[in-house]
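For the sequence shown, the working numbering gives the first residue as 186, with consecutive numbering after it. We put the beta carbon where it would ideally sit given N, CA and C, even for glycine.
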Amino acid sequence: TIRYEVYQIVEADAVTRIDFNRNDQVDVFDVDELAVRLQSDAFNPLLDLNQDQANNGLDLLFAVNRIAKTSIGDVNLDGQFNSQDLVQVFTAGEYDDGLTGNSLWSEGDWNGDGDFDSSDFVTAFTEGNYTSASIVSVPEPANAMLLMIGVLLWRVRLGRRR
């Protein structure tokens with residue numbers, strides 16, 4: 186339980202460390218800004234959210250999963266990684282654009298390397314949190330009903346022979 190309490194303190198402190206626009210919540214601006222700052226060559230202990238003595242994509246993952254309480258790929262932070270998020274990132278036009286380090290988290294750079302490419306999809310889909318649209322089931326005809334119709338047609342046909 187001591188470890189849990191320490192973790193809660195660290196998590197609460199992390200919220201204030203990445204609330205860059207000071208609106209008392211972690212929003213898309215904060216996650217984008219964190220991604221930009223993590224790409225700096227200088228180590229910043231305040232941005233070492235997972236406390237591994239490095240500033241990298243793992244800190245971004247920690248921020249999204251533990252602080253924003255959502256999953257990688259959920260660029261609008263509505264709590265679901267779904268087709269709306271994919272439309273948003275492809276609309277930004279950053280996918281494999283040939284420019285190094287120009288993509289933000291909200292534009293598809295989900296692994297924190299500054300580029301939106303296939304490795305970001307691997308990062309997002311590896312988490313397994315993509316929510317596809319619900320599948321509408323088409324009801325199958327009831328077997329008993331088909332049997333009854335078959336018997337009825339057989340009896341009608343049998344009655345015509347007499």
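When the Cα atoms are used, what is the spatial distance from residue 259 to residue 332?
49 Å
Mind checking who residue 301 pairs with in its DSSP beta bridge?
280
Quick check on this structure: which residue in 244, 284 and 252 has the alpha carbon closest to the alpha carbon of residue 295?
244
At 4 residues or longer, and completely inside the segment 200 to 231: list those alpha helix (DSSP H) runs for me, N to C.
213 to 223
Provide the residue span of the alpha helix (DSSP H) that contains residue 245, from first to last.
242 to 247
So residue 277 packs on residue 292, CB below 8 Å; how close in whole Å?
4 Å
Residue 247 classed as buried or exposed, judged by whether at least 16 other C-beta atoms fall within 10 angstroms
buried
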